[in-house]
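Student: Residue numbering for the sequence shown follows numbering that gives the first Met the number 0, beginning at 0 and increasing consecutively. Idealized CB from N, CA, C, for every residue including glycine.
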Amino acid sequence: MPDTNRRTLAVDRRSAGDESPSITPTASADSRNVSLAVLAVLASVLMLHWAKAVLVPIALAVFLSYLFTPSVRWLKRRAKLPNAAGAALVLGAAVGGIVAAGIALEPQARKLLDIVPEAARKLDREIRRSALDKESAMAKVKEAAAELERAAAAATEGSKPESAKPKPAPAPPQQSRAEEYFWVGTATALAGVASAVASIALVFLLLVAGDDFKRKMVRISGDTLSQKKITVEILEEIDLQIQRYLLVHVLTSVAHGVAAWAAFTLIGLENGPVWAVVAGVLHLVPYVGNALAIVITGVVAYLQFDDFTGVALIVGSQLVIGYFIGMLIVPWATQKMSRINAVTIFIALLFWGWLWGVWGLLLGVPIMMAIKSVCERMEGWQPVAELLGKEPPKVVARES
């Protein structure tokens with residue numbers, strides 16, 4: 000009888016609309032999973048930023064090994080050289096080429112040191128002339144800043160009693176700024192050399208190892224044949240995409256340098272080969288590198304030419320070359336071979352540039368290629384691959 004009364008009371012409450020909503024266990028579990036996923040992502044970002052000094056050389060070495068692997072395999076197949084000999088030969092040729100280029104450009108680089116004092120004097124004269132001109136923008140900005148500083152100082156001094164005004168303390172002896180810059184630059188250069196040596200050593204070891212690490216990853220990827228096949232496909236896709244990406248960027252950087260050298264020679268810019276090499280190297284940094292090359296060459300042209308025509312020709316030529324190669328060819332080729340949309344590439348560059356600086360700009364796109372290749376073939380991660388990609392993923396995960 001009491002059970003009948005309870006059921007009747009429950010029916011009356013539902014009919015009156017008094018039934019309160021309840022939280023199902025499934026909804027609670029979903030919210031918990033989302034919270035854990037957000038915390039895991041934040042922890043991963045903090046770890047990537049904290050371990051930048053270790054992860055950047057490792058990532059750089061891995062991607063350079065992708066660039067040199069085809070040459071080592073060709074030497075092993077054609078010349079019957081073992082991996083160690085082939086890796087030593089390829090890395091020796093690459094490092095030797097860089098050193099030879101530096102030696103060939105050394106006389107022109109020395110000329111740059113000769114024109115630095117004259118350029119500094121010219122820039123100082125221009126600044127002084129602009130400061131003496133009462134109608135110039137610089138003079139008006141300085142006058143406004145001085146007025147604001149005087150007004151702020153008067154308001155601060157007037158609001159304090161005479162006894163409360165602090166007495167200026169004697170300034171402690173400070174290290175000269177030139178000496179400070181020297182030590183900071185020396186420490187930065189030593190850290191860069193150490194990172195470069197570590198990266199080259201790791202590239203050599205990866206080239207010597209060959210496919211051993213890939214075989215290990217296939218063996219530990221799972222017990223079923225389907226899981227091992229998925230791992231093999233992921234590794235092959237990553238190899239193909241990153242090798243194509245690096246090859247395209249190296250070739251377009253060379254093309255950018257050659258085009259810049261031709262333009263500088265025609266216009267008459269002094270030390271044109273050096274600035275062409277600088278423009279080609281900066282082209283490796285997406286978007287930012289071309290803008291920086293334009294600024295540098297524009298300043299150099301301003302210091303050399305007395306009229307605005309030469310500066311306009313130098314800047315205009317770099318704008319045309321940078322737009323045609325850096326804004327048309329490279330994004331088109333990157334989308335074509337990786338099937339990553341342009342919005343994802345730009346956001347990835349912003350994120351990895353914020354996280355790792357210049358190295359993040361260099362390594363961000365290959366990292367996103369690897370992530371997309373993994374997501375395409377992992378069950379439950381296809382939506383992430385579709386979000387990153389230019390089109391829906393063509394490969395679906397196999398059932399085990």
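Does the Cβ of Leu8 have 16 or more other Cβ atoms within 10 Å, making it buried, or fewer, making it exposed?
Tutor: Here residue 8 is taken as the residue at index 9 of the sequence shown, counted from 1. Confidence at Leu8 is low in this model, with a pLDDT of 46, below 50, so its placement is unreliable and the value that follows should be read with caution. Per the 10 Å Cβ criterion, exposed.
Student: Taking Asp210 as the reference, which of Val61, Ala384, Val55 has the closest Cα?
Tutor: Numbered from 1 along the sequence shown, position 211 holds the residue referred to as residue 210. For the residues Val61, Ala384, Val55, the minimum Cα distance to Asp210 belongs to Val61.
Student: Anyone know if the C-beta pair for Arg376 and Glu232 falls short of 9 Å?
Tutor: Mapped onto the sequence shown, residue 376 falls at position 377. Mapped onto the sequence shown, residue 232 falls at position 233. Yes.
Student: Which residues in the same chain have their Cβ closer than 8 Å to the Cβ of Val247, if we skip the five residues on either side of it in sequence?
Tutor: Translated into positions along the sequence shown, residue 247 becomes position 248. Result list for Val247: Val329, Ala332, Thr333, Met336, in chain order.
Student: What residue does the alpha helix (DSSP H) around Glu378 start on, and which one ends it?
Tutor: Residue numbering aside, residue 378 sits at position 379 when the sequence shown is read from its first letter. It is not in any alpha helix (DSSP H) - Glu378 carries neither H nor E in the DSSP assignment.
Student: For the pair the segment 281 to 289 and the segment 247 to 261, tell me if three or more CB-CB distances fall below 8 Å.
Tutor: The segment 281 to 289, when compared against the segment 247 to 261, does touch it at the 8 Å Cβ threshold.
Student: Grab me the residues of Cys374's own chain with a C-beta within less than 6 Å of its C-beta, minus the 5 sequence neighbours each way, in chain order.
Tutor: Position 375 of the sequence shown, counted from the start, is the residue given in the question as residue 374. Excluding sequence neighbours, Cys374 sits near Trp380, Val383, Ala384.
Student: For the segment 80 to 93 against the segment 199 to 209, do three or more pairs of beta-carbon atoms, one drawn from each stretch, fall closer than 8 Å, so that the two count as touching?
Tutor: Result yes; three or more Cβ-Cβ pairs closer than 8 Å.
Student: On the three-state DSSP scale, how would you describe Gly388?
Tutor: Here residue 388 refers to the residue found at position 389 when the sequence shown is read from its first residue. Reduced to three states, the DSSP call for Gly388 is strand.
Student: Assuming the contact rule is C-beta atoms closer than 8 Å, Leu362 and Ala145 should be a hit. Round their C-beta distance to whole Å, please.
Tutor: To locate residue 362, count along the sequence shown from 1; it is residue 363. To locate residue 145, count along the sequence shown from 1; it is residue 146. Leu362 to Ala145, Cβ: 46 Å. No contact.
Student: State buried or exposed for Arg338, treating a residue as buried only when at least 16 other CB atoms are found within 10 Å of its CB.
Tutor: Residue 338 sits at position 339 when you count from the first residue of the sequence shown. Buried is the call here.
Student: Could you say which of Tyr65, Thr308, Ala36 lies nearest to Ile241 if we only look at CA atoms?
Tutor: In the sequence shown, the residue the question calls residue 241 occupies position 242. Out of Tyr65, Thr308, Ala36, Tyr65 has the C-alpha closest to the C-alpha of Ile241.
Student: Hey, Leu47 and Leu54 are a contact pair by Cβ (cut 8 Å); roughly how many whole angstroms apart?
Tutor: One-based indexing of the sequence shown puts residue 47 at position 48. One-based indexing of the sequence shown puts residue 54 at position 55. Contact flag correct, Cβ pair sits at about 7 Å.
Student: With distances taken Cα to Cα, identify the nearest neighbour of Phe307 among Tyr244, Glu105, Asn340, Ile266.
Tutor: Your numbering for residue 307 matches position 308 in the sequence shown. The shortest C-alpha separation from Phe307 is found at Ile266.
Student: Mind checking who Ile295 pairs with in its DSSP beta bridge?
Tutor: Here residue 295 refers to the residue found at position 296 when the sequence shown is read from its first residue. Answer is none; Ile295 lacks a bridge partner.
Student: So, does the segment 213 to 231 touch the segment 89 to 107, judging by three or more C-beta pairs under 8 Å?
Tutor: Cβ pair count under 8 Å is below three, so no.
Student: Could you give the distance in angstroms between the alpha-carbon of Val277 and the alpha-carbon of Leu38?
Tutor: Counting from 1 along the sequence shown, the entry for residue 277 is found at position 278. Counting from 1 along the sequence shown, the entry for residue 38 is found at position 39. Cα-Cα distance, rounded: 42 Å.
Student: Would you report the Cα separation of Lys213 and Val299, rounded to the nearest angstrom?
Tutor: In the sequence shown, counting from the first residue as 1, residue 213 sits at position 214. In the sequence shown, counting from the first residue as 1, residue 299 sits at position 300. Distance between the alpha carbons of Lys213 and Val299 is about 48 Å.
Student: Taking Cβ positions, are Leu348 and Tyr286 nearer each other than 9 Å?
Tutor: Locating residue 348 in the sequence shown gives position 349, counting from the first residue. Locating residue 286 in the sequence shown gives position 287, counting from the first residue. Closer than 9 Å, so yes.
Student: Assuming Ile266 is part of the alpha helix (DSSP H), what are its boundary residues?
Tutor: Stepping through the sequence shown from its first residue, residue 266 is reached at position 267. Here the alpha helix (DSSP H) through Ile266 covers 224 to 266.
Student: The alpha helix (DSSP H) with Tyr65 in it runs from where to where?
Tutor: Counting from one through the sequence shown, the residue named residue 65 turns up at place 66. Tyr65 -> alpha helix (DSSP H) spans 51 to 77.
Student: Along the alpha helix (DSSP H) that carries Arg338, what are the first and last residues, could you check?
Tutor: Looking up residue 338 in the sequence shown gives position 339. Note, Arg338: premise wrong, no alpha helix (DSSP H); not H, not E.
Student: Just checking my contact of Gly325 with Val314 at CB under 8 Å: how many whole Å lie between their CB atoms?
Tutor: The count along the sequence shown starts at 1 and reaches residue 325 at position 326. The count along the sequence shown starts at 1 and reaches residue 314 at position 315. 15 Å between Cβ atoms; not a contact.
Student: Whole angstroms is fine: what's the gap from Arg72's alpha carbon to Leu80's?
Tutor: As a first step, residue 72 must be located in the sequence shown, where it is residue number 73. As a first step, residue 80 must be located in the sequence shown, where it is residue number 81. Whole-angstrom Cα-Cα distance: 9 Å.
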